[in-house]
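Numbering follows the working numbering, in which position 111 of the sequence shown is assigned residue number 1276; successive positions increment by one, without gaps.
Read through the structure below, which is laid out as structure tokens, and then see the notes.
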Amino acid sequence: DVMIIEGGRPLSGELPVFRAKNSALYLMLASLLTDEEVVLEDVPRLADVLVLEELLRHVGVDTRWEGHTLRLHARSLRTCSAPYGLVSKMRASFVIMGALVARCGEATVPMPGGCAFGPRPVDRHLAAMRDLGVIVDEDEGVFYARRPVRMEGRVVFEAPTVGGTQNVLLAAALADGEVVIENAALEPEVPDLANMLNAMGARVEGAGTRTITVRGVRRLRGVTYRPIPDRIEAGTFMLAAAATRGRVTLTDVEPAHLTAVISALEGAGVGVTTGEGRLTVDASDR
1166 DVMIIEGGRP LSGELPVFRA KNSALYLMLA SLLTDEEVVL EDVPRLADVL
1216 VLEELLRHVG VDTRWEGHTL RLHARSLRTC SAPYGLVSKM RASFVIMGAL
1266 VARCGEATVP MPGGCAFGPR PVDRHLAAMR DLGVIVDEDE GVFYARRPVR
1316 MEGRVVFEAP TVGGTQNVLL AAALADGEVV IENAALEPEV PDLANMLNAM
1366 GARVEGAGTR TITVRGVRRL RGVTYRPIPD RIEAGTFMLA AAATRGRVTL
1416 TDVEPAHLTA VISALEGAGV GVTTGEGRLT VDASDR
């Protein structure tokens, strides 16, 4: 219950950055879009990942861990309804709506929970689904979504939302026509999902920009994929090195995802050098 930190020691050394949990969660949901096996490499076995694994198993996905490799196989689904007991544990689980609408044509998903930052409404998710013609009804905190005969159209988010953008990406990957997402989220987790979907045979363009175009395909195939590095973990290590006047090298990292942190540190006089998959923070000078 108590953490005691004795400071005054500069941090030094070299360490790898783990893969991003915040991306792996949505890549796991993408496994619902194919009846072939999806293999995710170097997945962090954190609580949120295990909760989502349990949710996928509930709807019928076979899951198996081999070290940090997670194998997911949604041969056939036994239900397209997500239970409150699992969805209430983690906010990201609400994005299963888009995947189930794409795979089953319908989805039953309760209001999500599990956010330490307090309540964040899902109204933008629901508005986006309705923009695509999805019929969404609500009864006592449970949402019932039904896919139209032909799903296509344009989604314009009032404000960017990472989960909302990913929800639409999953729903639109198997759409009958073209779906355009305006004011899409720019965070790296969005193009990571798009890259995996494209590797499965989807047709997604523009991920990482404010306008994403998805041209639906009839079927997606299995894939072996590795999530992006965890930029939050990397940024934490960078700031710890700077705070202790240390010198730390991070490996297996993506410097392009850390430009805001790098800029702030350099503005404070901290030296930051980057290379292919590497980054060094040197705060040993004044």
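Here a beta-carbon is modelled for each residue, glycine too, at the ideal position from N, C-alpha and C.
Predicted, not measured: the structure shown is a model, and the values here were computed from it.
At a Cβ-Cβ threshold of 7 Å, L1423 and F1402 do not count as neighbours. Relative to the Cα of G1318, the nearest Cα in the group S1188, I1377, R1386, A1433 belongs to I1377. Under the DSSP assignment, I1393 falls outside any alpha helix (DSSP H); it carries neither an H nor an E label. Counting along the chain, the unbroken beta strand (DSSP E) around L1237 starts and ends at 1234 to 1238.
Three or more beta-carbon pairs drawn from the region 1259 to 1277 and the region 1302 to 1316 are found closer than 8 Å, and the two stretches are therefore classed as touching. Every alpha helix (DSSP H) of 4 residues or more that sits fully in the region 1288 to 1337 is shown, in chain order, as 1288 to 1296, 1327 to 1337. Under DSSP, R1443 takes part in a beta bridge, and its partners are T1416, G1440. Each of P1420, A1429, G1411 was checked against the Cα of S1449, and the nearest Cα belongs to G1411. Taking the CA atoms as reference points, L1176 sits about 6 Å from T1409. Out of A1337, A1406, A1349, R1311, the CA that lies nearest to the CA of L1180 is found in A1406. Within its own chain, the residues whose Cβ lies closer than 8 Å to the Cβ of R1383, once the five positions on either side in sequence are excluded, are L1339, listed in chain order. In the three-state reduction of the DSSP assignment, S1449 falls in the coil class, being assigned neither a helical nor a strand state. Around the Cβ of H1290, a 10 Å sphere holds 16 or more other Cβ atoms; the residue is buried. Note on R1240: under 16 other CB atoms within 10 angstroms of its CB, so exposed under the neighbour-count rule. In this structure the region 1319 to 1336 touches the region 1345 to 1358; the number of beta carbon pairs closer than 8 Å is three or more.
The C-alpha of E1441 lies about 32 Å from the C-alpha of L1385.
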